[in-house]
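S.K.: When you line the sequence shown up against the working numbering, it's residues -9 to 276, in that order.
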Amino acid sequence: MELAVAAWELAGVHNSSVEYVLGEPTEEPWPGHDNRTEHAEVAAYLSAQQWHRLESLARTAAADLLGVDPLLQVKQLPNRDWRTAWHDHFDIVRVPGPKTIIVRSPHVQHEPGANEIVIDLVPGLAFGTGQHQSTRLSLGLLAEQIHGGEHVLDVGTGSGILAVAAARLGAGSVLATDIDPLAVDAARQTVRQNQLADCVRVQEGSVPAGQRFDLVVANLTADLLQFLAGDLAGALMPGCKLIVSGLINARQDEVTAALAECGLQLHADRGEDEWRALLLGAPSSG
């Protein structure tokens, strides 16, 4: 993949992008299991005039670096305003529950009903629009677990959707963390978009040391959930709950076992297609 990017660079194209073509489920690779990842493509978006001028350079550079005659495909794209093209693919996501959660893009008009909460979200670089099963499952469990006033931690916040949902559902305060600076920026934008800066704080990092919460949510991957099991358990107040998501059916048992080793008991699980979300509880004090 790096060589393909370098080939574009040698041809004078500096805006190529890596696009992953994936089968479901899209969890990170791990040894011995089929996550059905197919391949990655390195694409560049050029005008017809640019391609005519650079075609021979691109093919020669790719052949020299890759050692084979590469297959470079050219597709003509229709003229459109790409700044708003995502409108076509993101309208409204509705997550039913004790309170129905509506996730919408700001260009969509929606008057919330009596038992609905609305989250405004501009899709961007960070994961989490409510369209993926793991996010919807997390939202559903949040709606069941937040009753008002809770101190909530959202680990790996991505777009900030779960943190904002927690605040909308009635949490007293929310701390959202992510190790990716781009995700931190995206989450802060989501918080501002929803006018919740007084309730939701976003910071770079993972599970904060020395702090405990009434509810922790972590929509990550099976590998990360196992790696962070001790930290996630340690972030819970006695008798409080942890929501984890981002794992597939085949990995539920190992994630549950890792969290059980840290003293957490499985209370419920939810599924959609091949994806799972788990609700676990910390032991009460005494």
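Note that beta-carbon positions come from the ideal geometry of N, C-alpha and C, so glycine has one too.
1. Below 8 Å, how does it come out for the stretch 35 to 44 and the stretch 87 to 98: are there three or more Cβ pairs, yes or no?
2. Could you pull out every residue in the same chain whose Cβ sits closer than 8 Å to the Cβ of G229, ignoring the five residues on either side in sequence?
3. What does DSSP give as the partner residue(s) for S235 in the beta ladder?
4. Just verifying my parser: in three-state terms, what is the DSSP assignment at T27?
5. Give me the DSSP bridge partner(s) of L256.
6. Quick check: the stretch 192 to 199 against the stretch 214 to 230, are there 3 or more CB pairs under 8 Å?
7. So the candidates are G57, L129, A51, S124; which of them puts its Cα closest to the Cα of I92?
8. Under a three-way DSSP split, which group does D110 fall into?
9. Going by the beta-carbon positions, is the gap between S193 and T167 smaller than 7 Å?
10. Spatial neighbours of E(-1) within its chain, please: CB distance less than 6 Å, with the 5 preceding and 5 following residues excluded, ordered by chain position.
11. Counting beta carbon pairs with one atom in the stretch 176 to 195 and one in the stretch 141 to 159, are three or more of them shorter than 8 Å?
12. Near C189, which residues of its chain fall below 8 Å by C-beta distance, leaving aside the five closest residues on each side in sequence?
13. Can you tell me whether A187 is buried or exposed? The criterion is at least 16 other CB atoms within 10 Å of its CB, across all chains shown.
14. Considering Cα atoms alone, identify which of V206, A155, V207, H122 is closest to Q185.
15. Does the distance between the C-beta of Q242 and the nearest non-hydrogen atom of the ligand NAD fall short of 6 Å?
16. Using the C-alpha atoms, what's the distance from R49 back to V108?
17. Expressed to the nearest angstrom, what Euclidean distance is found between the alpha-carbon atoms of G103 and V83?
18. Less than 7 Å between the beta carbons of V53 and D59, yes or no?
19. Helix, strand or coil for L214, going by three-state DSSP, please let me know.
M.R.: Inspection of the coordinates gives the following:
1. no
2. G271, A272, P273, S274, S275
3. N209, A267
4. Reliability of the predicted coordinates at T27 is poor, the pLDDT of 46 falling under 50, and the value obtained from them is presented with this limitation in mind. Note: T27 maps to strand in three-state DSSP.
5. L270
6. yes
7. L129
8. strand
9. For the sequence presented, residue 193 should be read as Gln rather than Ser. In this structure, T167 lies closer than 7 Å to Q193 by Cβ.
10. none
11. yes
12. A157, A161, G162, S163, V164
13. exposed
14. A155
15. Absence of the ligand NAD from the depicted structure is noted, as is the absence of any ligand whatsoever, leaving it without description.
16. 49 Å
17. 15 Å
18. Rather than Val, the amino acid found at residue 53 in this sequence is Ala. Taking 7 Å as the Cβ cut-off, A53 and D59 qualify as a contacting pair.
19. helix
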